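So the sequence shown is numbered by the working numbering: it starts at 182 and just counts up by one.
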Amino acid sequence: MGQISFEDDCLVRELDSRYYGFLDLSSPKNADLRTLVQQTITNLQNYIANGKVQETQSTCDNKNAIQKYESSNVAGEHMENNSSQNNEDIKPFVKETNDKDEKTHDEQYVNALCKLGHLHLLLGEYSEALSAYQKYLRFRESNYWTNHAFIYGIGVAYFKLRCFKWAIKSFQELLYLSPNFACANEVHLRLGLMLKHCGEFQIALKHLQLALLYTYPSTFSELQVKFQIAHLYEVQNKHKAAKDGYEFLLNEKNISLELKADVYRQLGWMYHCVECLGEKKEREANALNFLQKSIEADPKSGQSLYLLGRCYAGINKVHDAFLAYRNSVEKSEGNADTWCSIGVLYQQQNQPTDALQAYICAVQLDKDHKAAWTNLGILYESCGQLRDAYACYLNATKQISFQKSSLFRRKQAIRMKKDTIGLSKGLSQRISFLEGQLSQAPLPSITSKRRQLCSIEEAWNLPISLEMNSRQQQTAQMLPRQISKQSPIQGPPPPYPHSQLSQSPIPAKRIKEDGSSQQEIIQNNVQLSSQLHPNLINISDSLNQRNFNAMPEGNKTSEQSVVDTFDDISNDIYKQSETIKLERLSHDALSNSEDSRHNDYNGGGASELSTTFKIQMDSKQLMAAVKLLPIDEPPVHCTVLQVNAPPPSPPDCPPQKLTRDQLLPPTPSVHLENKKNAFSPQLQEFCLKHPIAVVRGLAGALKLDLGLFSTKTLVEANPDHSVEVRTQVHQSPDENWDTSQGKRVWACISHRSHTTIAKYAQYQASSFQDSLKLILPQDESDKVFPGSQVMSDSDSKDSVSNSNINLKRKKHKINSKMLRFGTNVDLSDEKKWKPQLTELQKLPAFARVISAANMLSHVGHVILGMNTVQLYMKVPGSRTPGHQENNNFCSININIGPGDCEWFAVPDAYWGGVHNLCEKNNISYLHGSWWPVLEDLYKENIPVYRFIQKPGDLVWVNAGCVHWVQSVGWCNNIAWNVGPLTARQYSLAIERYEWNKVQAFKSIVPMVHLSWNLARNIKVSDTKLFELIKMCLLQTLKNVLHIQEYVKSKGVEIRFNGRGKNEASRYCGQCEVEVFNVLFIKEQEKRHVVHCLSCALKLSPSLQGIVCLEEYHLSELQRVYDSFTLHRTQGLAYTQ
């Protein structure tokens, strides 16, 4: 093992994941440093191996902990076993070992694993880096979150290995822990790319816009991020915004040729595909013009040549299309889309053998290429080779299922055109038809007519042309070694799905192909086949438009496209910075604040300081402790959780295995007979004790006039009041079908619009009258309108049988009608809705909209739908998808009638399991719209309450309960949130408040502002609740004091602004986190925008040009903090 000099040791010691993208070790100019890094890796590996032997002798546990990491666990163990410790003071670079105490040796051993991960990452050895990071993180599960360089490094490794789920989680945690991280701009960009890839467009846009704010050194330019934003608009079909974004980029003087080529390509393809951009002839001329300009800007781009061929093919210029495709292939790009399009041209020119060869090449390059499999099936069917056609159609449908199970294809399916969905249905019809024909076909005979094309097995196994073969080999060589080893997605074995064929009645041998029966089959298929053929090119347009937009060049898998897109947009930067020396990086690429923060990771530092902050401190002690904190760096993020708490994450489900009866628990319910029952303390205790509860007969017991909330009364009172409308598919309550896939799914799609109460009332009434017309002609018409009248309590308790599911599925395919759900009708205006709001004062105190015992009444301003009443106007089938209430507050819902509603609910202890199922089904738990498949929940040991809410029934949704609701009949509902003054409610609220930060999701309840108001307004006798609120006050006051000290050190004046009565809480205009007391104001687009400190520093690291305001005098906050003490009631002792 080679020795490393002291100078080299110091040089390598500086390297960690933050240099990734800035330090190009593959450059010849950095060859010496690369050699040094490789030598250090060898030394580290030897050190770790020796340490492993020693620890094996002392303890078996550590041996198991650092056993070789298997690739199958690459994505499965992150965030469940995490760890920490930075690379300062590591001594593994030389072969010396000290006989110091065992703890020091363990620290160095674990730190060596992290350093090994960093160095592998800088060399581009992502599998090895991830393996080292994973081993390191197993030792540091108790405090991994203090090592930000580690979290960044493992996030990059996941990103490069296309484990996007885990990369997103790592990067989200990093931004939560350190918004001012030295590479935060890189993190935002990668998050934006991955979330765009996953179809989470709104949050992707947020991250891309945040990436633009930073002044940190970057591996990407501002124009490259703006290109990604324009493309984000394009994939959302916001074509005008995308077009404006692309044209803006073309007008920039400093745009690079490569980026200009990308912009021209996107514009050209948009003009080819988007009808709203003008007349067809004009659009095609613009498309050809832009694509030719793209090729001029980047002659090596085979992707632009391919798209140019597509445009020529679209206007029947076959020769020009062939030339463009040929040129595209010559760019050494193994593009399945290109070969598929070549096959289409050959097929249109009646050259079936050439078409077959092209399609085979396409599916060999991409086994998941649905369009190529479908085209190949049509080709075989047109030549009378039905068994081969059947096999290809099966492969096409298998790819549909497989692709839609991935993140990218799922969102793509949502955006599919109608002809695409029709094609999927057409494939199913063809498969069913061919199954019937093949099962009845005669066996082949010796005198059978020679086949026009070789079979699919023969075509697959025949050597393709030398040109095609060489292209495939070049493509394989271009893929990184790590990617090929760790690829998480494997295509299905081509070409025959034998497992399916073996179960069917189709004969194993080839059928006779020259008989009369065969001719009849072909004649019968001509019409349907001709319907499939034009759709084929359309689906190729629809699918490939999304593929091309995400990939600057080449045909890549959906995950790889994101990785390569990021690589492509940073290639220019790498070329410019390959001569950068390490000395320059240490000053420019990395902030001093990050270095000083890392010094705290080893041996106390920040952790020792943080332990000095306890709720027993008074404000003077707190202020004195804050003055000891460093002010040469921005304060770390403010959390209202316990000191040194890990980043919040979804909890594991309870381990207890439930029986079938326990998975279907009876819903807690109580029937009120009189007003005395309604106001008894036992009713509130009953509701607080259960995840969800039904209070039946409430309206009758309290003599509530529900008619005040009827549609008729609403129209008479305020006919022009706004109603948000959700257009949804009518389905049975326990089913959620994707008609294009023919299976139950979680994605629950609805489209938003707006109308008025009067107009929705007309729709509500007309839908009821239409149902009467269906009922009158026949006695058994209940079957025609399932779910609207026949559902009862007894019916709703059990899952439907398979036969019922199949029956309803067929009905939905025939009568897949749409409905409109009127939601979020705001009843907060006391002048407009005084009779309605006055009537609700009859409710018991714990259920009222406004009450001293309701936390939300102490917010001090309106939060629509939470501390105000909202109304919902429903027709049968109207759905409120699965969710937890905002910030996990309790909810009150009263059914006005006349129809019923069906509820489904999961206890809050199991919300982590529901979250995991959402991820498994590629739906965002917070941002997405989902309707759980009940059997999926039962398989995961998650219980579900299911019950009917009748008119006059109140449903109490306890804190954190997951629920989803569907109307059975025509009805209205009113709802609002309440916050009982309990430790459980407050704890769940602040946990969700912090988790929302991790997810970049805005908490509409300002928990910090609310906590200070609670401290002002109430006396708390519950020890646990007191400690939670006091901890929030401590953390936020500490943060306020630290921020003010930091701002003063920058020479920025803090001006007092104050707060107006009932003034809304402040949120950052960029990241949407709550901003308490210290506001940073900057004028943007002629308006003054509030920022948090982190976002203000992105705009101006010195805070110059930013106005700093405070809303409360420090003396007031100190007084509130000191005055908030545990209230001891008679007979209640204080317990620690």
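For every residue, glycine included, the Cβ atom is placed at its ideal position computed from N, Cα and C.
Since we're looking at a predicted model, the values are computed, not measured.
A distance below 7 Å between beta-carbons, with the five flanking residues on each side excluded, links residue 427 to the following residues of its chain, in chain order: 411, 444, 447, 448.
Note on geometry: alpha-carbon atoms of residue 1149 and residue 360 lie some 47 Å from one another.
The C-alpha of residue 1048 lies about 48 Å from the C-alpha of residue 316. Listed in chain order, the beta strand (DSSP E) runs fully inside the region 1039–1092 are 1051–1055, 1060–1064, 1071–1079, 1082–1087, counting runs of at least 3 residues. For residue 1190, same chain residues with a beta-carbon under 8 Å away, outside a window of 5 residues either side, are 1040, 1041, 1246, 1255, 1257 in chain order.
In this structure, the CA atom of residue 570 is about 29 Å from the CA atom of residue 498. Looking at the backbone, the Cα of residue 1197 and that of residue 289 are separated by about 49 Å. By the criterion of a C-beta distance shorter than 8 Å, residue 382 is surrounded in its chain by 376, 413, 416, 417, once the five residues flanking it on both sides are discounted. Taking the Cα positions, residue 211 is about 16 Å away from residue 188. Beta-bridge partners assigned by DSSP to residue 1261: 1272, 1289. Rounded to whole angstroms, the gap between the alpha carbons of residue 300 and residue 196 is 7 Å.
Burial of residue 1289 is indicated by the presence of at least 16 other C-beta atoms within 10 angstroms of its C-beta.
CA-to-CA, the gap between residue 1168 and residue 204 works out to about 45 Å. Residue 522 counts as buried, since at least 16 other C-beta atoms from the protein chains shown sit within 10 angstroms of its C-beta.
For residue 937, the uninterrupted beta strand (DSSP E) segment begins and ends at 932–937. Contact between residue 1226 and residue 807 holds: their C-beta atoms lie close to 7 Å from each other, under 8 Å.
DSSP lists 908 as the beta-bridge partner residues of residue 1001. Looking at the DSSP output, residue 924 sits in a beta bridge with 919. Taking the Cα of residue 923 as reference, the smallest distance to any Cα among 559, 579, 1275 is reached at 579. Within a 10 Å sphere around the beta-carbon of residue 292 sit 16 or more other beta-carbons, which makes this residue buried. A buried status is given to residue 296, since no fewer than 16 other beta-carbon atoms sit within 10 Å of its beta-carbon.
Contact check between the region 811–827 and the region 1168–1186: three or more CB pairs, one atom from each, fall below 8 Å, which counts as touching. In the displayed model, residue 1007 falls within a strand according to three-state DSSP. The Cβ atoms of residue 331 and residue 357 do not sit closer than 8 Å to each other. Taking the CA atoms as reference points, residue 335 sits about 13 Å from residue 371. Taking a 10 Å sphere around the C-beta of residue 802, we find fewer than 16 other C-beta atoms and assign the residue as exposed. Runs of beta strand (DSSP E) with 3 or more residues, each lying fully within the region 1165–1250, are found at 1235–1237, listed in chain order. The shortest C-alpha to C-alpha distance from residue 454 to any of 476, 435, 489, 430 is the one to 489. When rounded, the separation of the alpha-carbon atoms in residue 395 and residue 216 is 33 Å.
Counting other Cβ atoms within 10 Å of its Cβ, residue 566 reaches 16 or more and is therefore classed as buried. Assigned with DSSP and collapsed to three states, residue 794 falls in coil, not helix or strand. Straight across, the Cα-Cα distance linking residue 844 with residue 1127 is about 11 Å. Residue 1158 and residue 1008 do not touch by the CB rule: their CB atoms are close to 14 Å apart, not below 8 Å.
The shortest CA-to-CA distance from residue 796 to any of 442, 951, 1204 is the one to 1204. The criterion of a C-beta distance shorter than 8 Å is satisfied by residue 329 and residue 355. Where residue 563 is concerned, there is no enclosing beta strand (DSSP E), although the alpha helix (DSSP H) around it starts and stops at 551–563.
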